[in-house]
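Residue numbers (this note's numbering): 1 to 119.
Glycine included, every Cβ here is placed at the ideal spot set by N, Cα and C.
Everything below concerns the one structure shown next.
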């Protein structure tokens with residue numbers, strides 16, 4: 001069967017790594033951290049990948065977000081969404097940075113990707 005990968009925070013970075021190695025049929029990363037040094041591998045992503053980034057994420061500052069956007073724009077297999085006005089862990093229900101609207105939007109996008117890529 002097909003395999004999907006989803007990760008949050010450091011797990012989001014691991015989802016990126018999985019996508020770069022084509023080890024999963026679809027990968028999703030929520031607010032991945034420390035992927036800047038690994039952006040040259042974005043071109044290796046052959047299966048659908050989706051990344052959710054918080055605009056106000058201190059672990060992924062604006063310059064990192066710009067570098068990620070530039071690297072990901074070169075690969076049609078990657079979708080990147082930057083969520084305005086939210087911080088790291090915006091999709092962690094019960095957490096201090098939880099934002100229901102952004103979380104619902106991100107989770108809906110994740111579900112759609114998995115539905116289309118894994119069905």
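Of all the alpha helix (DSSP H) runs that stay within the bounds of the segment 50-96, which reach a length of 4 or more residues? Complete alpha helix (DSSP H) runs here, min 4: 62-72.
Have a look at residue 51 and residue 69 and give me their C-alpha separation to the nearest angstrom. 10 Å
Using 8 Å as the Cβ pair cut-off and three pairs as the minimum, do the segment 39-53 and the segment 74-83 touch? yes
Coarse secondary structure for residue 4, derived from DSSP in three states: Residue 4 sits in a strand when the DSSP states are folded into three classes.
Using 10 angstroms around the beta-carbon of residue 84, count the other beta-carbons present and answer buried if the total reaches 16, otherwise exposed. With fewer than 16 Cβ atoms within 10 Å of its Cβ, residue 84 is classed as exposed.
Taking only three categories from DSSP, how would you classify residue 31? coil
Can you give me the start and stop residues for the alpha helix (DSSP H) that residue 46 sits inside? Where residue 46 is concerned, there is no enclosing alpha helix (DSSP H), given that its DSSP letter is neither H nor E.
Tell me, please, which residues DSSP counts as bridged to residue 26. 4
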